[in-house]
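In what follows, a structure is listed as structure tokens, so that the remarks can point back to it.
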Amino acid sequence: MELDKIEDILEKYFQGETSIAEENQLKEYFSSSNVAQHLEQYKPIFGYFSQVKEQKSTQEIPLKAKKRNVAWLSIAASVVVLLGIGTYFFVSEKNAAPAVAQSELGTYDNPEEALAATQKALALLSNNVNVGIESVQYIQEYQQSKNKIFKQ
Amino acid sequence: MNQNVFIELINPFKDKVFRLAKRLLTSTEEAEDATQEVMVKLWNKKDNLDAYNNIEAVAMTMTKNYCLDQLKSKRAGNLKIVHNNFTDREPQLDKKLEDSNSLEWVEKIISQLPEQLQILIQLRDVEQYEFDEIAKIVNMNETAIRVALSRARKKIRESMVNTHSYGIR
Chain A
95 MELDKIEDIL
105 EKYFQGETSI
115 AEENQLKEYF
125 SSSNVAQHLE
135 QYKPIFGYFS
145 QVKEQKSTQE
155 IPLKAKKRNV
165 AWLSIAASVV
175 VLLGIGTYFF
185 VSEKNAAPAV
195 AQSELGTYDN
205 PEEALAATQK
215 ALALLSNNVN
225 VGIESVQYIQ
235 EYQQSKNKIF
245 KQ
Chain B
-12 MNQNVFIELI
-2 NPFKDKVFRL
8 AKRLLTSTEE
18 AEDATQEVMV
28 KLWNKKDNLD
38 AYNNIEAVAM
48 TMTKNYCLDQ
58 LKSKRAGNLK
68 IVHNNFTDRE
78 PQLDKKLEDS
88 NSLEWVEKII
98 SQLPEQLQIL
108 IQLRDVEQYE
118 FDEIAKIVNM
128 NETAIRVALS
138 RARKKIRESM
148 VNTHSYGIR
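Protein sequences appear in the order of chains A and B. Going by our numbering, the letters in the first sequence line up with residues 95 to 246, in that order. Going by our numbering, the letters in the second sequence line up with residues -12 to 156, in that order.
Right, dumping it as structure tokens:
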């Protein structure tokens, strides 16, 4: 393309009077390799316009997300409320039941029988505690020999 | 209108919305948020979309207004959007390091223009809208747009000539 024509269009361009077609001519000219020396300074401007137009948005647009969320939220909320009410009744019923059972289990009417059972239970406990103590007796030996060596 | 029809409808100008938002908001993330915001607003209006004869222009206007609102609220909160660099042009980078440097200059110069001029440059020189379409989007008459555009282009030229000659001397 002739140089003076380009200069002409360029002048019109800066006056804001070019058409899209003419602007495309400019873009084409300035993207070519033989740009005149004195027009070299305009090259980046038109290069930039073409380059920026290539940028694309990469994200997806979530259209239905909002509506669906509301529906799911209300379903989830009602489930939570129902579960809450359910567990409240379930737990309170469970608490009421053992109160009756406790009075029926583990109680003796005869005092002698009760004494015997208590003694048996305490004996069992003390035996088990003594088993533990026996194995700890060894430590006493260490303590003695330590005292022999390190006289205080 | 179902989702697929809507997607078909917005696809031609989705990227234009994104680029306009990016021009004004600078950061890619903010621009994507703005794009999403505009599209969801359109989607919510989907039943009366037929009333508009040019949905693209409506979308661009919404984008413009949304971004300007964003900028206003950012400024009120004394927050400045940090300029982020563009990684999109990697393929050319090795080849034209010098060029990409001057392209960044153009970017910087445009970002220093008033927002109204940035919008016009974006719509005309990047997206290549006709003047009557721009008039609908920015709600100005065509003569005013030509005058403003001329002013913006001359400002860019002025700054480019300056940086160009600084590079030499």
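Where a beta carbon is used, it is the ideal one built from N, C-alpha and C, also for glycine.
Query: Check whether Phe143 (chain A) and Asp112 (chain B) have beta carbons under 8 Å apart; Result: yes
Query: Neighbour-count burial assignment, Arg156 (chain B), 16 or more Cβ in a 10 Å radius; Result: The pLDDT assigned to Arg156 (chain B) is 44, lower than 50, so where the model puts this residue is not dependable; a value taken from the coordinates is nonetheless given after this. It is exposed - the Cβ of Arg156 (chain B) has fewer than 16 other Cβ atoms within 10 Å.
Query: C-alpha distance - Asn31 (chain B) paired with Met(-12) (chain B), whole-angstrom precision; Result: 11 Å
Query: Whole-angstrom C-beta distance between Glu120 (chain B) and Ala38 (chain B), which should lie under 8 Å; Result: That belief does not hold up - the Cβ atoms of Ala38 (chain B) and Glu120 (chain B) are roughly 18 Å apart, past 8 Å.
Query: Cβ-based contacts, 9 Å cut-off: residues of the region 136 to 147 of chain B near chain A; Result: Leu136, Ser137, Arg138, Ala139, Arg140, Lys141, Ile143, Arg144, Met147
Query: Segment contact, 8 Å Cβ cut-off, at least three pairs: the region 211 to 222 of chain A with the region -12 to 0 of chain B; Result: no
Query: Neighbour flag for Leu97 (chain A) against chain B, beta carbons, 8 Å; Result: no
Query: For Tyr236 (chain A) and Ile243 (chain A), the rounded distance between their alpha carbons; Result: 11 Å
Query: Classification of Trp92 (chain B) by the beta-carbon crowding that lies within 10 angstroms, buried from 16 upward; Result: buried
Query: Reference Lys95 (chain B), options B:Tyr53, B:Ile143, B:Phe5, B:Glu117, closest by Cα; Result: B:Ile143
Query: Classification of Phe140 (chain A) by the beta-carbon crowding that lies within 10 angstroms, buried from 16 upward; Result: buried
Query: Chain A contact for Leu90 (chain B) (CB, 8 Å cutoff); Result: yes
Query: CA-to-CA distance, Ala211 (chain A) to Glu228 (chain A), given in whole angstroms; Result: 26 Å
Query: 8 Å Cβ cutoff, Thr50 (chain B) in contact with chain A; Result: no
Query: Residue range of the alpha helix (DSSP H) that includes Asp119 (chain B); Result: 118 to 125
Query: Spatial neighbours of Leu7 (chain B) in its chain, beta-carbon cut-off 8 Å, leaving aside the 5 residues before and after; Result: Met47, Thr50, Lys51, Cys54, Ile106, Gln109, Leu110, Glu114
Query: Beta-carbon gap between Ala21 (chain B) and Leu29 (chain B) smaller than 8 Å; Result: no
Query: Gln231 (chain A), DSSP secondary structure in three states; Result: helix
Query: Cβ-Cβ separation, Phe5 (chain B) to Glu16 (chain B) (assumed contact under 8 Å), whole Å; Result: Their Cβ separation, rounded to whole angstroms, is 11 Å, which puts Glu16 (chain B) and Phe5 (chain B) out of contact at 8 Å.
Query: C-beta neighbour in chain A for Lys95 (chain B), strict 8 Å; Result: no
Query: Proximal residues of chain B, C-beta to C-beta of Phe108 (chain A) below 7 Å; Result: Ser137, Arg140, Lys141, Arg144
Query: Selection from B:Lys9, B:Gln23, B:Gln99 that minimises the alpha carbon distance to Glu148 (chain A); Result: B:Lys9
Query: Residue-chain proximity (Glu122 (chain A), chain B), Cβ-Cβ < 8 Å; Result: no
Query: Phe5 (chain B) at chain A interface by Cβ criterion, 8 Å; Result: yes
Query: Chain B contact residues for Glu111 (chain A), given Cβ-Cβ distances below 9 Å; Result: Arg133, Ser137
Query: CB contact below 8 Å: Asp56 (chain B) versus chain A; Result: no
Query: Meets three-Cβ-pair contact criterion under 8 Å: the region 127 to 138 of chain B and the region 125 to 136 of chain A; Result: no
Query: Exposure label - Tyr50 (chain A); buried when at least 16 CB within 10 Å; Result: Because chain A here runs from 95 to 246, residue 50 (chain A) falls outside it and cannot be looked at.
Query: is_contact[Ile100 (chain A), chain B] using C-beta, thresh 8 Å; Result: no
Query: Sequence-distant residues of its chain with Cβ nearer than 8 Å to Lys33 (chain B) (five each side left out); Result: Met(-12), Phe(-7)
Query: Rounded C-alpha distance that separates Ala139 (chain B) from Leu58 (chain B); Result: 20 Å
Query: Interface residues of chain A facing Thr172 (chain B) [CB-CB closer than 8 Å]; Result: No information on residue 172 (chain B) is available, as it lies outside the stretch -12 to 156 that chain B covers here.
Query: Asp2 (chain B) at chain A interface by Cβ criterion, 8 Å; Result: yes
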